[in-house]
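Shown next, in structure tokens, is the structure this report addresses.
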Amino acid sequence: MPSKLGFIMVLVLSIVYFFVRFNYNFFILQNLWMSNNSMLDFMAYFFIFLSMLIILFVVLIGGSSNLFYILNIFLLLVLMGFFMSLNALYLFVFFEGSFIMMFMLIMFWGVNPERIEALNYFLVYSIVGSVPLLACIVFIQEGLSVMGLFSWLVSSLASGSVSHNEMNSVSVVVSELEVTGYFVGLDENEVLDFFFSSQLVFFFWVIVFLFKFPAFGVHLWLPKAHVESPVYGSMILAGIMIKLGVVGIFRFFFSGKGMFWDYFVFNNIFFYFCLSVFLVNFICSRQYDLKAFVAYSSIVHMALILITIWSGSLVSIVGALFMSFAHGLCSSALFLNLNCFYGMSTSRNIVINSGFIYVSSFFCFFWFVMCSINCSIPISLNFFSEVFLIFSGMSLNLWSFISFIFNVFFCGLYSILLYSYVSHGKSNFVFNFNISLIGWYLIFLVLWYHFFLVYFYFFSFNIFGLVV
1 MPSKLGFIMV LVLSIVYFFV RFNYNFFILQ NLWMSNNSML DFMAYFFIFL SMLIILFVVL
61 IGGSSNLFYI LNIFLLLVLM GFFMSLNALY LFVFFEGSFI MMFMLIMFWG VNPERIEALN
121 YFLVYSIVGS VPLLACIVFI QEGLSVMGLF SWLVSSLASG SVSHNEMNSV SVVVSELEVT
181 GYFVGLDENE VLDFFFSSQL VFFFWVIVFL FKFPAFGVHL WLPKAHVESP VYGSMILAGI
241 MIKLGVVGIF RFFFSGKGMF WDYFVFNNIF FYFCLSVFLV NFICSRQYDL KAFVAYSSIV
301 HMALILITIW SGSLVSIVGA LFMSFAHGLC SSALFLNLNC FYGMSTSRNI VINSGFIYVS
361 SFFCFFWFVM CSINCSIPIS LNFFSEVFLI FSGMSLNLWS FISFIFNVFF CGLYSILLYS
421 YVSHGKSNFV FNFNISLIGW YLIFLVLWYH FFLVYFYFFS FNIFGLVV
């Protein structure tokens with residue numbers, strides 16, 4: 001059976017090797033490794049690296065049972081399979097398998113009886129979203145091995161072999177695909193019929209990933225799952241699981257605007273996602289449960305990606321990836337901090353959790369840093385990702401600028417309120433947090449690495465050289 005120290009050592013060595021081996025090839029935007037059914041491209045690298053980090057943090061502060069380590073090992077392997085899969089059926093299997101692991105984590109390590117209701121929501125939303133996708137995979141059998149098209153199109157766009165204007169032309173895309181061996185002998189109408197034979201098929205393709213983002217309207221499972229899951233469950237859920245929708249949409253809708261934008265997206269869902277930014281911000285600001293507060297904040301940030309992800313431009317892709325990475329680290333650190341506050345006050349109510357600056361200035365420092373990062377202050381990775389998303393959204397429709405500006409103001413407002421309520425005011429509890437010295441050290445280490453990665457990891461990237 002695996003030991004905690006052995007698992008941590010293997011994970012740390014894997015992260016170091018992964019970073020040294022692939023990080024500085026990241027923005028070459030070529031496939032780093034490829035086989036028949038799997039591929040390590042720049043997107044897979046980004047999310048596998050994030051998954052390794054979050055799982056490492058979870059193991060450092062998590063339980064000590066062998067079942068816990070085994071579950072995390074399998075979860076990491078399933079996530080790696082999902083991110084690297086080129087086969088649509090494999091992608092679907094790994095996608096659902098990862099949420100089965102999450103289901104088990106909430107079931108066995110959650111403490112409140114209400115977790116059964118949260119799991120019911122979780123299960124119903126998963127089934128409703130997944131069955132249509134499985135039907136589409138069975139219906140469009142020829143599409144099972146073309147998931148690598150996304151990486152090819154982004155590589156062509158970055159290298160200049162195909163311009164963004166040409167990318168909007170179906171004939172250019174089809175001719176290029178025939179040269180590279182995709183869809184040999186098919187004309188452009190057959191390619192369009194192949195992917196999106198009807199609006200209903202398109203809806204079935206995308207709905208499962210909107211459930212997992214989650215988009216506003218199909219988001220109710222996420223706050224309930226966060227509230228009833230243990231701290232490491234919330235860290236995995238916010239740090240990795242809701243990012244699977246980003247990868248899924250990019251993998252399926254590889255050519256963005258050129259293939260499907262004019263057919264369905266713009267008139268039907270673009271403005272809905274812009275409106276959802278307003279609505280979710282209002283809902284977030286009136287939460288009294290701290291976990292629900294941070295959960296709705298996650299929905300807000302994912303809604304920004306949903307506005308711009310459909311453009312297929314390189315700026316939107318980079319912005320979505322950076323936002324996913326930065327938000328994954330920031331939100332997991334917020335949930336870890338919240339768990340420390342909960343350990344002291346034994347309550348998640350925002351009214352009861354106040355005056356912590358007089359009790360533990362150490363946690364309040366990291367609480368201030370993470371609340372600041374949550375509202376995308378310079379020079380955090382959140383800031384750069386939000387700038388990219390704003391420019392990408394404005395290239396689609398200038399009116400989306402209103403949604404982004406509103407989000408900048410409102411996200412800053414409730415982040416300041418969240419910090420002020422928790423850190424300042426009168427203490428309404430007695431200090432009641434029994435933890436060993438090693439436990440304090442591990443929590444400090446995890447919070448510090450969250451802070452370091454969000455603020456300084458982007459220096460290893462040539463961000464502006466990529467998109468200019």
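Quick note on my numbering: the sequence shown kicks off at 1 and runs consecutively.
Backbone N, C-alpha and C define an ideal beta-carbon position, used for all residues, glycine too.
Just so it is clear, the structure is predicted and the values come from calculations on it, not from any experiment.
- Separation of the CB atoms of Ile8 and Leu60 is rounded to 7 Å, and the pair is thereby assigned contact status at 8 Å.
- With a threshold of 16 other beta carbon atoms within 10 Å, Thr308 meets it and is buried.
- Apart from the 5 residues on each side of it in sequence, Leu50 sits with its Cβ closer than 6 Å to the Cβ of Phe325 and Gly328 in its chain, given in chain order.
- The C-alpha of Phe409 lies about 11 Å from the C-alpha of Ile416.
- For Asn337, the secondary structure class from DSSP, reduced to helix, strand or coil, is helix.
- If you draw a straight line from the Cα of Phe404 to the Cα of Ala215, it comes to about 16 Å.
- Short of 7 Å from the beta carbon of Met101, and not among the five residues preceding or following it, lie these beta carbons of its own chain, in chain order: Leu71, Phe74, Leu75 and Val78.
- Secondary structure of Ser380 (DSSP, three-state): coil.
- Counting only the Cα atoms, Ser234 lies some 28 Å from Ala88.
- Between Asn281 and Cys364 the beta-carbon gap is near 25 Å, outside 8 Å, which marks them as no contact.
- Beta-bridge pairing by DSSP links Asn349 to Asp289.
- Between the alpha carbons of Phe401 and Val277 lies a distance of about 12 Å.
- Per DSSP, Ser313 lies in no alpha helix (DSSP H) and is assigned neither H nor E.
- Tyr419 has its alpha-carbon roughly 30 Å from the corresponding atom of Val318.
- CA-CA distance, Ser65 to Phe57, rounds to 16 Å.
- A distance below 6 Å between beta-carbons, with the five flanking residues on each side excluded, links Met323 to the following residues of its chain, in chain order: Ile305 and Ser385.
- Taking each of Glu228, Ser130, Leu222 and Gly97 in turn and checking the Cα distance to Trp109, the smallest one comes out for Glu228.
- Taking the C-beta atoms as reference points, Tyr121 is found nearer than 8 Å to Leu220.
- Of the residues assessed, Arg115 falls on the buried side of the cut-off, its CB having 16 or more other CB atoms within 10 angstroms.
- Straight-line measurement puts the Cα of Gly239 at about 15 Å from the Cα of Ile373.
- Three or more beta-carbon pairs separated by less than 8 Å are not found between the region 376-391 and the region 285-300, which leaves the two stretches without contact.
- Counting only residues of its own chain and dropping the five nearest sequence neighbours on each side, Pro230 has a CB closer than 7 Å to the CB of Trp109 and Gly110.
- In this structure, Phe452 keeps its C-beta atom at 8 Å or more from the C-beta atom of Leu244.
- With a 10 Å radius around the Cβ and a threshold of 16 neighbouring Cβ atoms, Tyr17 comes out exposed.
- Annotated three-state conformation of Ala215 is coil, per DSSP.
- Note on geometry: alpha-carbon atoms of Asn337 and Ile242 lie some 20 Å from one another.
- Secondary structure at His424: coil, using DSSP grouped into helix, strand and coil.
- In its chain, beyond the 5 residues on either side, Leu71 have a beta carbon closer than 7 Å to the beta carbon of Met104.
- The residue from Val208, Asn339, Met107 and Tyr272 with its alpha-carbon nearest to that of Ile127 is Val208.
- Membership of Cys364 in the alpha helix (DSSP H) is indicated by the continuous run Ser361 to Asn374.
- Distances from the alpha-carbon of Leu381 to those of Phe99, Met80 and Cys330 put Cys330 closest.
- Within 10 angstroms of the beta-carbon of His226 lie 16 or more other beta-carbons, which makes it buried.
- The three-state secondary structure of Glu117, taken from DSSP, is helix.
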